[in-house]
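If you read the sequence shown in full-length UniProt numbering, its first letter stands for residue 1, the second for the next number, and so on. The beta carbon of each residue, even a glycine, is placed where N, CA and C say it ideally should be. Working notes, beginning with the structure itself.
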Amino acid sequence: MAIKRNPTTFKVSMGQWLFTSFLQCKYIDFAIRKIAVHLTPVKTFIQDGDNFVIKTQSAFKSYELSFAVGVEKEEFTKGFDNRMLKTLVTWEGDKLVAIQKGEKANRGWKHWIEDDKLYLELTCEDAVCQQVYKRKD
1 MAIKRNPTTF
11 KVSMGQWLFT
21 SFLQCKYIDF
31 AIRKIAVHLT
41 PVKTFIQDGD
51 NFVIKTQSAF
61 KSYELSFAVG
71 VEKEEFTKGF
81 DNRMLKTLVT
91 WEGDKLVAIQ
101 KGEKANRGWK
111 HWIEDDKLYL
121 ELTCEDAVCQ
131 QVYKRKD
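Below is the structure:
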């Protein structure tokens with residue numbers, strides 16, 4: 001997944017699957033879940049070697065995550081589910097894979113690019129959600 005220094009931006013437009021189940025697993029309240037499934041977030045990736053910044057923006061909420069691959073860090077998911085986690089992001093082939101330790105088991109995400117599309121797989125306990133983004137012109 002070569003992104004390099006220049007920001008690469010993707011917009012969700014290809015679809016998302018099982019997002020409501022994923023949000024329920026995180027105890028996101030009903031009203032927020034109803035809004036979230038109708039949003040079309042935009043993700044911007046900025047890479048400098050093994051350091052990444054991923055910005056997720058929508059009309060409702062925005063979230064920024066910065067990390068260094070291979071370095072565990074404490075993360076507060078402010079604006080999402082407001083939890084304290086320990087997150088470790090590593091490479092598995094061409095996929096960025098995050099394992100998040102906290103209150104919920106089997107929590108994490110995977111990002112990868114395939115055929116000019118960005119894929120995001122989110123997991124929380126038994127819930128798995130996949131979102132597909134296309135490159136924004």
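Bridge partner(s) assigned by DSSP for residue i
i, result
"Ser62", "Gln57"
Buried or exposed by the 16-neighbour rule on C-beta atoms within 10 Å, applied to residue i
i, result
"Phe22", "Residue placement at Phe22 is flagged as unreliable, the pLDDT there being 47, under the threshold of 50; a coordinate-derived value is accordingly withheld."
"Ala98", "buried"
"Tyr27", "A caution first: Tyr27 carries a pLDDT of 47, below 50, which makes its placement in the model unreliable, though a value can still be read off. When all chains shown are included, Tyr27 counts as exposed."
"Lys43", "buried"
"Phe76", "exposed"
"Ala59", "exposed"
"Thr123", "buried"
"Ala127", "buried"
6 angstroms Cβ shell around residue i - same chain, five flanking residues per side excluded
i, result
"Glu72", "Lys86, Leu88"
"Gln100", "Leu85, Thr87, Arg107, Gly108"
"Ile54", "Phe45, Leu65"
"Tyr68", "Here residue 68 is Ala; the residue named in the question, Tyr, does not match the sequence. Only Asp50, Asn51 meet the Cβ criterion."
"Leu120", "His111, Gln131"
Residue range of the unbroken beta strand (DSSP E) whose run includes residue i
i, result
"Lys95", "95–101"
"Thr44", "42–48"
"Ala127", "127–135"
"Glu72", "Element bounds for Glu72: n/a, residue is neither H nor E."
"Lys117", "117–124"
Contact with chain B by residue i, beta-carbon distance below 8 angstroms
i, result
"Asn82", "The displayed structure is made up of one protein chain only, and chain B is not part of it."
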